[in-house]
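Residue numbers (the numbering used here): 8 to 233.
Here it is in structure tokens:
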């Protein structure tokens, strides 16, 4: 399955380049923290929701590329799903691009099958990208922020909490990370614990070039009748 999304590439000089990208391989990288204590904290967060511990870290889950969306509204089954911010690495025509998205996940399904829970929900992604080469030298200074219920802080931290992009690509298999691949690269702990909300807003910020990429969406809950 292939999905074509229209992105704007934010250039260092402030100009925008329109870039349609066809994505045919979507990967959700889990348990990607550099700090093993932080990884353990996130594992405990999920254990409290009934999610079994991973057999190893990191893990690379596959989802359909058709789950990627830039729409401001997604539909979810019931009320037990939630978003989480992740930086995203996309390969297109041999070049790497950096974006930001939400690994929206059904938490109830996650308690018995993490892979299925990832496939259950759409994966919102912001419409802007940066060239990886433009941020590689100051990568660890990039900031992640998310909010729920309007302006309630939900997550905040640095991308340095996760393994660097090139290391994740190498662990996944650089020969498999081909053009048309998008990888969600892991998340940071939620302030006050993982919980659902009717809306989710997220942002990747670059303090060196003084720019940001963001997106927000709302959930429409579909009734579970059986």
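No residue lacks a Cβ here, since even glycine has one placed at the ideal position from N, Cα and C.
For residue 139, the secondary structure class from DSSP, reduced to helix, strand or coil, is helix. Counting along the chain, the unbroken beta strand (DSSP E) around residue 151 starts and ends at 150-155.
Assignment of residue 169 by DSSP, reduced to helix, strand and coil, places it in the strand class. Linking residue 225 to residue 159 through their CA atoms gives a straight-line distance of about 15 Å. Just so you know, the alpha carbons of residue 54 and residue 197 end up roughly 14 Å apart. The DSSP-derived three-state label of residue 226 is strand.
Ranked by Cα distance from residue 222, the first of 41, 36, 81 is 81.
Three or more beta-carbon pairs separated by less than 8 Å are not found between the segment 95-112 and the segment 45-62, which leaves the two stretches without contact. Contact check for residue 71 against residue 17 fails: the beta carbons are separated by 8 Å or more. Excluding the 5 residues flanking it on each side, residue 95 has same chain C-beta neighbours closer than 8 Å at 105, 106, 107, 108, 132, 189, 190, 191, 192, in chain order. Annotated as distal: residue 79 and residue 37, with beta-carbon spacing of 8 Å or more.
The alpha-carbon separation between residue 141 and residue 19 amounts to approximately 7 Å.
For residue 179, the three-state secondary structure derived from DSSP is helix. By alpha-carbon distance to residue 67, the top candidate from 145, 165, 184 is 184.
Nearest to residue 208 by C-alpha distance, out of 149, 23, 26, 156, is 156. A direct Cα-to-Cα measurement between residue 138 and residue 41 gives close to 23 Å. Note on geometry: alpha-carbon atoms of residue 83 and residue 118 lie some 17 Å from one another.
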